Amino acid sequence: MNSGFAVDPGIARIALDVPIAPWFDYRIGPALAGRLAPGDWVQVPWGTGRRIGFVLELCAQSDLAPERLKAIESRLEDAPALPANWFALLRFAAGYYHRSVGEFALLAVPRTLRTPPSPKARSSAFARARRAGRGVGGVGAVEAHTVGAHTVGADTGEGGSVGASASASAVAGAGDPRSAEPAVAHLDATSAAPVTASGRPLPRAVASRSAAGQPLGADQQRVLDTLCASQGFSVSVLHGVTGSGKTEVYLRWFEAILAARPDAQLLLMVPEIALTPQLAGLVAGRFPAQSVAVLHSGLGEAERARAWLAAVEGRARVVIGTRLAVLTPLPGLAAIVVDEEHDASYRQQDGLHYSARDLAVAAARECGVPVLLGSATPSIETWRAARRGRYRLLEMPSRIGGGALPKLHLIDMRGLRSESALAPQAQTAIAETLSRGEQALVFINRRGYAPVLGCDACGWLSGCPECSAWRVLHRAAAGGSRPPRYQLVCHHCGGASPVPRACPECGNLGLAGLGRGTQRLEEELASQFPGQRIARLDRDVAARRGAAQALIAAVHDGEVDLLVGTQMLAKGHDFRRLSLVVVVDGDAGLFCADFRAPERLFATLMQVAGRAGREVSSSHVLVQTRYPTHPLFECLKRHDYSGFADALLLERREAAMPPFAHQALLRADAGALDEALAFLTAARELAEPLRTADPEAPVQLFDPVPMPLARLKGRERAQLLVEATARPALHAFLPHWLASLREVKTRARWQLEVDPAEI
Ligand code: ADP
Ligand code: ZN
Ligand code: ZN
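As structure tokens, then:
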């Protein structure tokens, strides 16, 4: 790279995890002269301390005066080389989200590897992570799996060579992977029961019914053939109903790629791994002689470092991960799958904003490889791209084995005055389902006991002192035979307080929880259906390590009759004996201020409905609503996602809203709302001379307003929406504007979000 320099490149541009500049210039001292190249890891002085960064490029001159340049301290000798395609992705991300390359680069690196080593450390963090990854290879799939699906498989510790040849032979048995002949790998997989990410074996029912070795359905085969024929960069959308066998398509595609190119690396992105242990287990079981690395936020630092290094050094063949995994450097990247591509958890909301789905498409483009976006309810942005032919649309409209989709019925809740959460029809339906020995699921998207505590004498409500939100009444985990204890918890700041004995305003003792969440619903169901085994799954339950997986396993094993839960239950679980789903509040989100709410509601309801009836003869979904004539429900009844999405696109086009407009949101927070608003007002004025730079496509700025959740953790928040009909116009405007904003003297903290998820 530096061979073309006529003059000595005495300066290195270093990416650091600092927002203030895209890179930082450092001097290359005599000890490192001629030994540095782009992609190297270096340690540099920063302030009074030191930081790890990456060499972006070498050059002969800096804008800084020579005496102000500090020297690079050292090069991290045993760090892995970082592929050029990764830096291309980082440059794209930094440009698109208007942040520095280093922020994106270091975000993705496990903390142990990006912390400057202590001078006393006997070995480097890299050596430790590599050593930890050793010893599981060559022993066989079973031992490998028991380490948990983190870096499972043939990790020989000797680079990729042994792992790669082992994988080659394992897949070679498959011959043409598109043929119906089961590969050797498949047979291994069924004999060695796959395990979940926690090391817990999958319920036998799931393990033995893996689709491995089964002939693909006609739709699956058609989709797979199309995927296998794609060369270079392309974006495909797999729109398949729940139970259409999308996962099997992903796995067969990966197998086909590895059969042709044993050193390929494949990236499978999932919304939340703790919720989809089946998937991690399935993948670990399908690539037994190979290396599967799992990357998600629930890992310990050492596990993460080990898995990350296996991915970066090309030893891991399949990398499964949540949103951050998209920023993993993968030298052999050959294809990407984004499962449930519409899922909101692909967006990083605080700190560095990005959409992992969008970055996956960018990564595929930079690396020249295909990417597949899978969903039963694609996001409206993805759907539009597919409708315009920019993305290739692949459809799988029916369930595997021809199973029927559940029948959807609306229960009109108008005029129904009931103490119970459930309408009489819903109660009857549950009772009948349980009496047939089948399972039922009751869905409510609100955790806790009651959304707010209130005084019936003076109207006091349990507001959070730090946020513009109510503190939610929660029942603490029961301790033995003691009566349940309650507390008030804010879902936004996490602040908690004991339940007051009397109303803080008027002293009245009659305080009561208003409305209901999962805990209260569970209690009500227990009294309505005595003797039934009831289980609840929500974020509070899942916070206990392994609890969600244990619960899901119990459902599979038939140890649960009635399930209560939130969205967590909606994701990816394939409950075979479940024949009834009741949605307690089908209207939540129907009339929300956020224009994306109906899209989310539709996706959630489709997903919940999809849990029902994969194996039972007939299944039903009951949606309780006060708006039974709402068009959203009409589409839902027909399982008509495309009808819904096309109508939504029409609406958005008429209203000139995304995806027909492109947005950025400037957010400010301060101790007082006025301060935040004053900054945004100044920002708006600064934009005036810049925003009409392109008269054909001017950028529009709205009035600064308080955010919907105006107060959070004691800070007052406001926002300013920026919009343009053409994306290039917006992105041409933003850097100039940001530069002038950095000059504004303010006590407010501010940040820009490109393509905001919520406005
Ligand atoms: P989706 O992700 O589209 O909702 P899944 O991938 O979960 O669907 O597939 C649904 C079920 O069908 C799974 O239990 C899977 O093992 C099974 N399956 C998938 N493909 C086949 C096939 N070709 N033959 C038999 N069973 C299959
Ligand atoms: Zn009161
Ligand atoms: Zn709060």
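In the working numbering, the protein residues as written are 588 to 1346.
No residue lacks a Cβ here, since even glycine has one placed at the ideal position from N, Cα and C.
Only a predicted model underlies this, so the values are computations on that prediction, with no experimental measurement involved.
Residue i beta carbon near ligand 3 (any heavy atom closer than 7 angstroms)
i: G1082; result: yes
i: A1056; result: yes
i: H1061; result: no
i: C1077; result: yes
Beta-ladder partner(s) of residue i, from DSSP
i: F1366; result: As displayed, the chain neither begins before 588 nor continues past 1346, which places residue 1366 out of reach and without an answer.
i: V824; result: L960, L980
i: G1041; result: L1048, A1099
i: A599; result: Y613, L645
i: V1170; result: F1030, V1210
i: S1084; result: L1075
i: L1264; result: Looking at the DSSP assignment, L1264 forms no beta bridge with any residue, so it has no partner.
i: P1293; result: A1305
Best match in the options for proximity to residue i [C-alpha to C-alpha]
i: Y1228; options: G827, I907, A712; result: G827
i: L676; options: L914, G1082, S1205, L882; result: L914
i: I598; options: L651, W895, P1038, R1001; result: L651
i: K1224; options: A1234, A1196, R1213; result: A1196
i: L917; options: W895, E1241, R934; result: W895
i: T635; options: K657, A931, A647, V642; result: K657
i: R839; options: W1057, A922, R893; result: A922
i: V696; options: H883, A949, S942; result: H883
i: P596; options: G626, L645, W628; result: L645
i: I601; options: R662, L886, S817; result: R662
i: L706; options: L1321, R944, E660, A1297; result: Sequence inspection shows Pro at residue 706; the Leu mentioned does not correspond to that position. For the residues L1321, R944, E660, A1297, the minimum Cα distance to P706 belongs to E660.
i: Y941; options: V1341, E1345, I1346; result: V1341
i: V881; options: G872, A1199, A898; result: A898
i: I1031; options: E982, G872, L1112, Y978; result: L1112
Cβ-heavy atom distance, residue i to ligand 1, below 7 angstroms
i: I1139; result: no
i: P802; result: yes
i: T1015; result: no
i: E1356; result: Outside the displayed span of the chain (588 to 1346) sits residue 1356, for which this structure offers no information.
i: I987; result: yes
i: D1172; result: no
i: D1161; result: yes
i: T834; result: yes
Contacting residues, own chain, Cβ-Cβ under 6 angstroms from residue i (five flanking each side not counted)
i: V1029; result: V1151, V1169
i: F820; result: A951, R952, G955
i: A1134; result: V1128
i: A1274; result: L1288, W1324
i: S1084; result: L1075
i: L996; result: Reading off the sequence, residue 996 comes out as His, not Leu. Counting only Cβ-Cβ distances below 6 angstroms, and skipping sequence neighbours, we find L1209.
i: C815; result: A843
Distance cut-off 7 angstroms: residue i Cβ against heavy atoms of ligand 2
i: N1032; result: no
i: E1053; result: no
i: C1090; result: yes
i: A1044; result: yes
i: C1093; result: yes
i: W673; result: no
i: W1047; result: yes
Buried versus exposed, by CB contacts within 10 Å (16 or more), residue i
i: C1051; result: buried
i: I607; result: exposed
i: L1339; result: buried
i: K1332; result: exposed
i: C1054; result: buried
i: T1279; result: exposed
i: G1002; result: exposed
i: S756; result: In this predicted model, S756 has a pLDDT of only 27, less than 50, meaning its place in the structure is not dependable; the value taken from the coordinates is given anyway. Exposed: under 16 other Cβ atoms inside 10 Å.
i: D604; result: buried
i: T834; result: buried
i: E1272; result: exposed
i: F641; result: buried
i: P1218; result: exposed
i: R904; result: buried
i: H1212; result: According to the sequence as given, residue 1212 is Thr; it is not His. Flag for T1212 reads buried.
i: E1109; result: buried
Short CB-CB distance (under 8 angstroms) between residue i and chain B
i: Y684; result: Structure shown: chain B not included; a single protein chain is present.
Own chain residues within Cβ distance below 7 angstroms of residue i, not counting five before or after
i: R971; result: L1236, P1246
i: L1299; result: C1054, H1079, C1080
Sequence-distant residues of its chain with Cβ nearer than 8 angstroms to residue i (five each side left out)
i: E1202; result: G990, R1163, R1164
Contact test: residue i Cβ vs ligand 5 heavy atom, cutoff 7 angstroms
i: S831; result: The model depicted lacks ligand 5 and carries ligand 1, ligand 2 and ligand 3 instead.
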